[in-house]
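The block underneath contains the structure these notes are about, expressed in C-alpha cells.
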Amino acid sequence: MAETQKLINIEIKDLLEKVGEFHSSGYRLAQIGCSKTDALEINYSFDKDYSFVNLRIVISSIDIEIPSVSHIYWSAFLYENEISDLYGIKIKNMAIDYKGNFYRTTVKFPFNPPKDTQAAERGIAP
Amino acid sequence: MIKRTIIPFGPQHPVLPEPIHLDLVLEDEIVVEAVPSIGFIHRGLEKLVEKKDFIDFVYVAERICGICSFIHGLTYCMAVEEIMKIKVPERAEYLRTIWSELSRLHSHLLWMGLMADSFGFESLFMHTWRMREKILDIIEDTTGGRVIFASAKVGGVRRDIDNAALKIIWTNLESYRKELKEITDVFIKDSSVQHRLAGVGVLKKEDAYELGAVGPTLRASGWARDTRKLGYAAYKNIDIEPVTETAGDSYARCVVRIKELFQSIDIIRQAVAKIPYGPVEIRVTGVPDGEYFARAEQPRGEVIYYAKANGTRFLQRLRVRTPTFANIPSLVKMLPGSSLADVPVLVLTIDPCISCAER
C-alpha cells in the first residue's frame, strides 16, 4: 500500500522561508538527501501525522552556496555535513560545521568527484 | 571553581560494538556538552547502486546492517516495486511481515542483552541472549540464515514457509511469550535496573519531535508514531497500535522495547492466522523509471529508502536514511546533565547501529 507523497520544487532563495513554514506547521524533519543527476538535487523531507512532503532545490554547480536550515531544525546539521562531505556542496551557517571531517573518506567528495581528480586518484593520466 | 575537562569517548570503547566518537565536555563528573563524530567506517554502499543491477542490489541492501538486514532488503524492494508499479502477492506480504517482526524480536533482545551487560547485570545478559537464540532458530529454520535472511526480493520473497511450519511457530510463540515474561519482568521490576535507568537521559516530548527522533526513542517520549501504521507489507491487515511511554528516560526506552517484543509476537500470530494461500513472488520484467521514498519501521525506528531510476538496470541514486542517523541529535541533547558513568548506558539507549548510519 503506497503512501501518497508530495514533491514541491522551490528556488534556493525560498528555502529558508519554506522550511520555516513547515517548522511552524509542526512538521518533523525526516531527512535531507542529495542526488546527482545532470545537476544536484537536494530533497528536504518532512513528515506530519504520516503525511510525507518533500521540498526540492536544484543547484547546477557546487560553487553555488546554499543556506543551512539547521537554525530552524537543529538536527539538520548532520544531513548538511554529510552532503557537504560527500558532494562538496557549500552550506553556510551550519549549527555545527565539521569542516569536511564528518566522514573520513579517502576520496574527496566521493559522490561528486571532479573528473580530473577522479582520474588522477586512480592513476590515470587526464 | 569547577574545572572543565574534555574526555574523548570512543570510537574504541568497551561498551561500543561499533565506532562512534563523542567529545564529552565535563564539569567535574557532569556532562555539559557532547559533540559527536562518525565517519570512521563509511562504506559508500549507496554509491554501489550505480554499478549493481537493480534486482541484485537487494543483496547489498541487506548487508547495510547485520541486525535489521531483512527490513533493509524489504524497504529497498518496496521502493523499486513502487516505481515499477509491481503488485506483490498477498502471501509474500504476510511472509515479509512475519520476518520483519522476527527481526524486531531478535534485535530488541540483542539490545536488551547489551544493555544488561552495560549496567553490569551479566546473568540477565546471558538469559536475554538465550531467548534470542530461540528466535534465531526460527529464522534459521525458515530462511536458512541467522543474520542475513536473503528472503526479500523485488516482486515478493524468495521462499515460502509451509503451513505446518507456520503452525509450529504459532504454537511455540505462545509458550515463548511466557518464558520471555520472566526475563522482561527483571528489566521492569528489578530495583537495581530501575536505579540505573530511571530518570537518566530524559528526552522531553517536544525535544524528541523537534530533533527528528524515530522509533522507540521517539515513542518513549510520548509520541505514538510507528511507520507500520502506514500499512506497508501486511500491516494494513494487522491490528497494531504504537507502544508509548511518557517519561522519556532510559527506563522508558527500555520498557517500550520490552512491550514491543510482546507486540511482535502478537503480530506474528495474527499474520500466521490470516496468511492466505497463493504465490510468493511474481516475475519482474522491465526496468524502473521514476523515484520514490519508501519508509518502513526497523527495530530502531523509521528507515527511509529514496530510489531514483532512469529507465536502465542501474539505479541513478539510492539514499538510505537510517534510524540511528536520525537519533544522533537526540543522543547529543540527552547527554548534557548526566554523569560520566551514565554515558555508556545513555549511548546504548538509542540502540545505535553505526554500521547502518555509515552505510
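Those protein sequences? They're chains V and G, same order as listed. Residues in the first sequence are numbered from 213 upward in steps of one, following the working numbering. Residues in the second sequence are numbered from -13 upward in steps of one, following the working numbering. We treat Cβ as the ideally placed atom computed from N, Cα and C, and that holds for glycine. Predicted, not measured: the structure shown is a model, and the values here were computed from it.
Inset, instruction - Quick one: which residues of the region 211 to 239 of chain G get their C-beta closer than 7 Å to a C-beta of chain V? List them in chain order. - result: 215, 216, 217, 218, 222
Inset, instruction - Reducing DSSP to helix, strand and coil, say where residue 249(G) ends up. - result: Helix at residue 249(G).
Inset, instruction - For residue 195(G), count neighbouring Cβ atoms within 10 angstroms of its own Cβ and tell me buried if that reaches 16, exposed if not. - result: buried
Inset, instruction - Return the CA-CA distance between residue 119(G) and residue 217(G), expressed in angstroms with no decimal places. - result: 29 Å
Inset, instruction - Answer yes or no: does any C-beta atom of chain B fall closer than 8 Å to that of residue 262(V)? - result: Annotation note: the requested chain B is absent from the structure, which comprises protein chains V and G.
Inset, instruction - Check residue 214(V) in the structure and name its three-state DSSP category. - result: coil
Inset, instruction - Spell out whether any CB of chain G is found under 8 Å from the CB atom of residue 317(V). - result: yes
Legend entry - Run of the alpha helix (DSSP H) containing residue 54(G), from where it starts to where it stops: In the DSSP assignment, residue 54(G) falls outside any alpha helix (DSSP H) and carries neither an H nor an E.
Inset, instruction - For residue 322(V), return the contacting residues in chain G, with the cut-off set at a CB-CB distance below 8 Å. - result: 30, 33
Inset, instruction - May I ask which residues mark the beginning and end of the alpha helix (DSSP H) holding residue 2(G)? - result: Per DSSP, residue 2(G) lies in no alpha helix (DSSP H) segment and is marked neither H nor E.
Inset, instruction - Indicate whether at least one CB of chain V lies closer than 8 Å to the CB of residue 251(G). - result: no
Inset, instruction - Flag residue 216(V) as yes if its beta-carbon sits less than 8 Å from any beta-carbon of chain G, otherwise no. - result: Output row for residue 216(V): interface = no.
Inset, instruction - Have a look at the DSSP bridge pairing and note the partners of residue 238(G). - result: Paired residue(s): none; residue 238(G) is not in a bridge.
Inset, instruction - Select from the region 171 to 204 of chain G all residues with a C-beta closer than 8 Å to any C-beta belonging to chain V, and list them in chain order. - result: The residues in question are 195, 196, 197, 198.
Legend entry - From 308(G), 304(G), 336(G), residue whose alpha carbon lies closest to that of residue 319(G): 336(G)
Legend entry - Coarse secondary structure for residue 245(V), derived from DSSP in three states: strand
Inset, instruction - Establish whether the CB of residue 314(V) and some CB of chain G are separated by less than 8 Å. - result: So yes, residue 314(V) belongs to the interface.
Inset, instruction - Below 6 Å CB to CB, which residues in the same chain sit around residue 2(G) once its five sequence neighbours on both sides are set aside? - result: -4
Legend entry - Extent of the continuous alpha helix (DSSP H) run through residue 86(G): 76 to 104
Inset, instruction - Have a look at the DSSP bridge pairing and note the partners of residue 343(V). - result: Here chain V comprises residues numbered 213 to 338, so residue 343(V) is not present and cannot be evaluated.
Inset, instruction - Give a yes or no on whether the C-beta atoms belonging to residue 70(G) and residue 274(G) are separated by under 8 Å. - result: yes
Inset, instruction - Take the Cβ of residue 181(G) as the centre, count every other Cβ of all protein chains shown within 10 Å, and call the residue buried at 16 or more, exposed below. - result: exposed
Legend entry - Under 8 Å between C-beta atoms of residue 242(G) and residue 285(G): Going by C-beta atoms, residue 242(G) is not nearer than 8 Å to residue 285(G).
Legend entry - 7 Å Cβ shell around residue 6(G) - same chain, five flanking residues per side excluded: -4, -3, 22, 24, 338, 340
Legend entry - Under 8 Å by beta carbon: chain G residues contacting residue 247(V): 292, 294, 302, 303, 305
Legend entry - Length of the line joining the Cα atoms of residue 59(G) and residue 289(V): 28 Å
Inset, instruction - Give a yes or no on whether 8 Å exceeds the smallest Cβ distance from residue 5(G) to chain V. - result: no
Inset, instruction - With distances taken Cα to Cα, identify the nearest neighbour of residue 63(G) among 41(G), 49(G), 254(G). - result: Taking only the C-alpha atoms, the option nearest residue 63(G) is 41(G).
Legend entry - Neighbourhood of residue 337(V) by C-beta, 6 Å cutoff - its chain only, sequence neighbours within 5 removed: Note that residue 337(V) scores a pLDDT of 47, beneath 50, so its modelled location is shaky and nothing firm can be said.
Inset, instruction - Determine which residues of the region 307 to 325 of chain G have a Cβ less than 7 Å from any Cβ of chain V, and write them out in chain order. - result: If the cut-off is 7 Å between Cβ atoms, the region 307 to 325 of chain G has 307, 311, 314, 315 near chain V.
Inset, instruction - Take every Cβ of the region 279 to 293 of chain V, pair it with every Cβ of the region 234 to 245 of chain V, and state whether three or more of those distances are shorter than 8 Å. - result: yes
Inset, instruction - Give every residue of the same chain whose Cβ lies closer than 7 Å to the Cβ of residue 138(G), excluding the five residues on either side of it in the sequence, and list them in chain order. - result: 44, 56, 59, 60, 63, 82
Inset, instruction - Could you please give the first and the last residue of the uninterrupted alpha helix (DSSP H) stretch that includes residue 348(G)? - result: With chain G covering only -13 through 345, there is no way to say anything about residue 348(G).
Legend entry - Listed by chain order, chain G residues near residue 308(V) by CB distance under 8 Å: Against chain G, the beta carbon of residue 308(V) has neighbours under 8 Å at 21, listed in chain order.
Legend entry - Where residue 375(G) sits in the DSSP three-state scheme: What the structure shows of chain G is the stretch from -13 to 345, and residue 375(G) is not part of that stretch, so it cannot be assessed.
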